[in-house]
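Notes to accompany the following structure.
Numbering (this note's numbering), first residue to last: 96 to 891.
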């Protein structure tokens, strides 16, 4: 049973005397903060909602004296006391290190100051902080809120700097802090704060679903309006917040929001299931929970789309508790955020959303959370001190209530609307990042992610089963070579920080990006045009069980610099000496060692995986220590040097190549002996085409034929009269043909398969059967979203 301290979210212990800090600051303690008190019982629906929001913010049902809560709460108290000791209200600042009137940083410092006040309020309200109920602390919170109101955040101030701080960042923190401190604040104080909110977040902020009022931003604005309505006892504001959520729910076909294929886009051009997607599911889960059972409950039937997004949009991109960086946008460059923290935070939001889901959904989602928690490869999820107390409590409750742990999924999952793909073998997960006229190479903005230039040029990230869970969270982003992201083809032309423009401005003028999947296998391709470069290439990835076949062709450039196709750029940690073997020859793990292999057939990196080069490939390898700083890629990071060791493997196409190509097979998690055996097994997967017009493979023992046709053409008995991605799977006397049109024009494509076919057993309505018999001819009218069209046939 939880202790009395851990059980109650309705009590706090007030200190008996005023602290020295209060005297130093000249604080007047409110009466409610000077004696042991109990929060009054709710008297109406507004009070009920306010106390519910308080619980959602602080967490419930946890044992304050147990770990990880005890350490987390103690740290919260330390942070709050530090903030209290350094708080010095003065003209133009609340803390000396956060000046409020500086045009370039004032709005961010305003949000930072509200953040410190929030920490102080939480430490006062939470048990076990060492400052629980401290009257000096809560008095300082009130003083700080009043000072920020007077100095900067009031109904007479004109916003400057970043709009987000005024409408979302500061307003959210102000309201959450005021809800926690409610019974120590006067009616006049609350009136001031709500007047400021009304000024910066008026009703008109949600009048139109456009601009900065879409997707996750719209959800945040509704969160602000709803909390303001609760704090200010305004039924109209709460109703407005509820109703303004409705445009967020439906699937979109362009711009910001959720797509039917599971994609999530924010800032029009950025794959953002993590980061902004985290904000959206967080806000919606909170608002659904807050308003459930009230006069303002969310009853829009499209609400189900949000519930469906757990399994359609979020779960496919979470691997063992981490959210794949391919959908974390510019957040990858943030020193305090990584794929592990992002994933675990989203898991907590799913746990909250489950509270209002159907019993079947709730059981499935809790099983997912338990599976992710059990398989986490770094710090145990339920001991992660970076998570809030509320999120730790949500996750612990979900894991304990889970009927079972869901196993890791297998196979591919394509997200055409955001140019992303995921594949899972039996012992790895991989993510693929591409770019087109619809999705940017990368996003930079606000001084963040300044060198993410080539992350959309076919970056293939992967995590092995049981190891390398911290491949991208252990100092990868500040130390990796930005010109050598794994699996990319890149011109070595020097690029400036933020090259191509901010907020997704850098987009290639290409359409053919995407692929086809039958749920077991997939063919994915990218027509690549280099960022600020003359580079062009055709790149394909074929997801075949426990291997990924990677092909490149038509690689041409005229930049006057070398062009490379990177096979691997593996982070070996601070002191990694993993064995590296090429064709049975062990290469010493000497930092700075550079080797060239004119005709390598296979390579293996111990504890990571293997690489096979069909027919032999001229590859180069480099062992190096790389040192960088977070500040170099994000102006908000520190300048402290970070050093990691890397193994890089690549094809050097030379300077200004014409129609160069490459081929390799990635075997994540494979042992050395397996890699050598796979290299000797030439029939397992055959490369049957690798040119600028078509790239294709066959796997005879699997009954698989897969091809990406960049132009009308033929390969392996398949022929098309237009650009297409095609998969054929045969099994005894039947076969399934799957086709997608990545260019998305909607124009019909005629497909011919040179194989006797007796009849068509089933077909998508978009398929017209032209002939069967000695060969099969189909006319497919694909959709404009790169959906896969399926036809099942009986073989002759």
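Don't be surprised by glycine CBs; every beta carbon is placed ideally from N, CA and C.
What's the call for residue i, buried or exposed, on a 16-neighbour Cβ count within 10 Å?
i           : result
residue 879 : exposed
residue 112 : Confidence is the limiting factor: at residue 112 the pLDDT is only 28, short of 50, which leaves the residue's position unreliable and the question unanswerable from this model.
residue 427 : buried
residue 162 : exposed
residue 136 : exposed
residue 88  : Beyond the ends of the chain as shown, which are 96 and 891, falls residue 88; an answer cannot be given.
residue 718 : buried
residue 118 : For residue 118, the predicted model reports a pLDDT of 33, less than 50, meaning its position is unreliable; a value from the coordinates is still stated below. Result: exposed.
residue 641 : buried
residue 588 : buried
residue 865 : exposed
residue 101 : Reliability fails at residue 101, whose pLDDT of 33 lies under 50, so the model's placement of it is uncertain and no value is given.
residue 332 : buried
residue 689 : exposed
residue 342 : buried
residue 693 : exposed
residue 211 : buried
residue 892 : Residue 892 is absent from the model: the chain starts at 96 and stops at 891.
residue 480 : exposed
residue 549 : buried
residue 838 : buried
residue 520 : buried
residue 875 : buried
residue 736 : exposed
residue 131 : Residue confidence for residue 131 is low, a pLDDT of 31 falling below 50, so the modelled location carries little weight; the figure read from the coordinates is stated next. With fewer than 16 other Cβ atoms within 10 Å, it is exposed.
residue 883 : buried
residue 187 : exposed
residue 166 : exposed
Going by DSSP, what residues sit across from residue i in a beta bridge?
i           : result
residue 616 : 639
residue 414 : 417
residue 862 : 875
residue 624 : 631
residue 689 : 717
residue 747 : 659
residue 887 : 831, 857
residue 697 : 707
residue 741 : 666, 719
residue 929 : With the chain covering 96 to 891 only, the question about residue 929 has no answer from this structure.
residue 677 : 680, 698
residue 848 : 813, 871
residue 729 : 543
residue 712 : 695
residue 648 : 633
Thinking residue i and residue j are a contact (beta carbons under 8 Å), I'd like their distance in whole angstroms, please.
i           : j           : result
residue 449 : residue 493 : 7 Å
residue 634 : residue 553 : 5 Å
residue 627 : residue 433 : Between residue 433 and residue 627 the Cβ distance is about 28 Å, and since that is not below 8 Å, they are no contact.
residue 770 : residue 707 : 7 Å
residue 644 : residue 792 : 5 Å
residue 443 : residue 490 : 5 Å
residue 610 : residue 617 : 6 Å
residue 517 : residue 526 : 5 Å
residue 639 : residue 794 : 6 Å
(Q) For the stretch 377-393 against the stretch 304-322, do three or more pairs of beta-carbon atoms, one drawn from each stretch, fall closer than 8 Å, so that the two count as touching? (A) yes
Q: Decide if the stretch 760-780 is in contact with the stretch 732-752; the criterion is three or more beta carbon pairs, one per stretch, under 8 Å apart.
A: no
Q: Decide yes or no for the touch test of the stretch 603-612 against the stretch 524-538: beta carbon pairs closer than 8 Å, at least 3 of them.
A: yes
Q. Does the count of Cβ pairs from the stretch 357-373 and the stretch 509-529 closer than 8 Å reach three?
A. yes
Q.
I'd like the ranges of any beta strand (DSSP E) spanning at least 3 consecutive residues and lying wholly in the stretch 554-617.
A. 554-559, 584-586, 608-612
**Q.** Cβ contact check for the stretch 261-272 and the stretch 188-206: 3 or more pairs under 8 Å
**A.** yes
Q. Do three or more CB pairs link the stretch 723-735 to the stretch 479-488 at distances below 8 Å?
A. no
(Q) I want to know whether the stretch 453-473 touches the stretch 406-418 - three or more CB-CB distances under 8 Å. (A) yes
(Q) When you compare the stretch 246-257 with the stretch 285-293, are there three or more beta-carbon pairs, one atom per stretch, that lie closer than 8 Å? (A) yes
Q) Is there contact here, the stretch 648-657 with the stretch 785-799, by at least three beta-carbon pairs under 8 Å? A) yes
Q) Should the stretch 799-819 be called in touch with the stretch 666-684, which here means at least 3 C-beta pairs below 8 Å? A) no
(Q) List, from N- to C-terminal side, the alpha helix (DSSP H) runs of 4 residues or more that fit wholly inside the stretch 755-835. (A) 767-775
Q: Would you check if there are 3 or more beta carbon pairs closer than 8 Å linking the stretch 213-221 to the stretch 170-186?
A: yes
Q) Can we say the stretch 812-827 touches the stretch 844-862, given the rule of at least three CB pairs closer than 8 Å? A) yes
(Q) Report the start-end ranges of each alpha helix (DSSP H) in the stretch 425-466 that is 4 residues or longer and not cut off at the edges. (A) 434-449
(Q) Tell me whether the stretch 582-596 and the stretch 654-662 touch, counting them as touching only if at least three CB pairs, one residue from each stretch, are closer than 8 Å. (A) yes
Q. Which runs of the alpha helix (DSSP H) spanning at least 4 residues fall entirely within the stretch 328-369, listed in chain order?
A. 330-340
Q. Can you give, in chain order, each stretch of the alpha helix (DSSP H) that sits fully within the stretch 253-290 and has at least 4 residues?
A. 265-275
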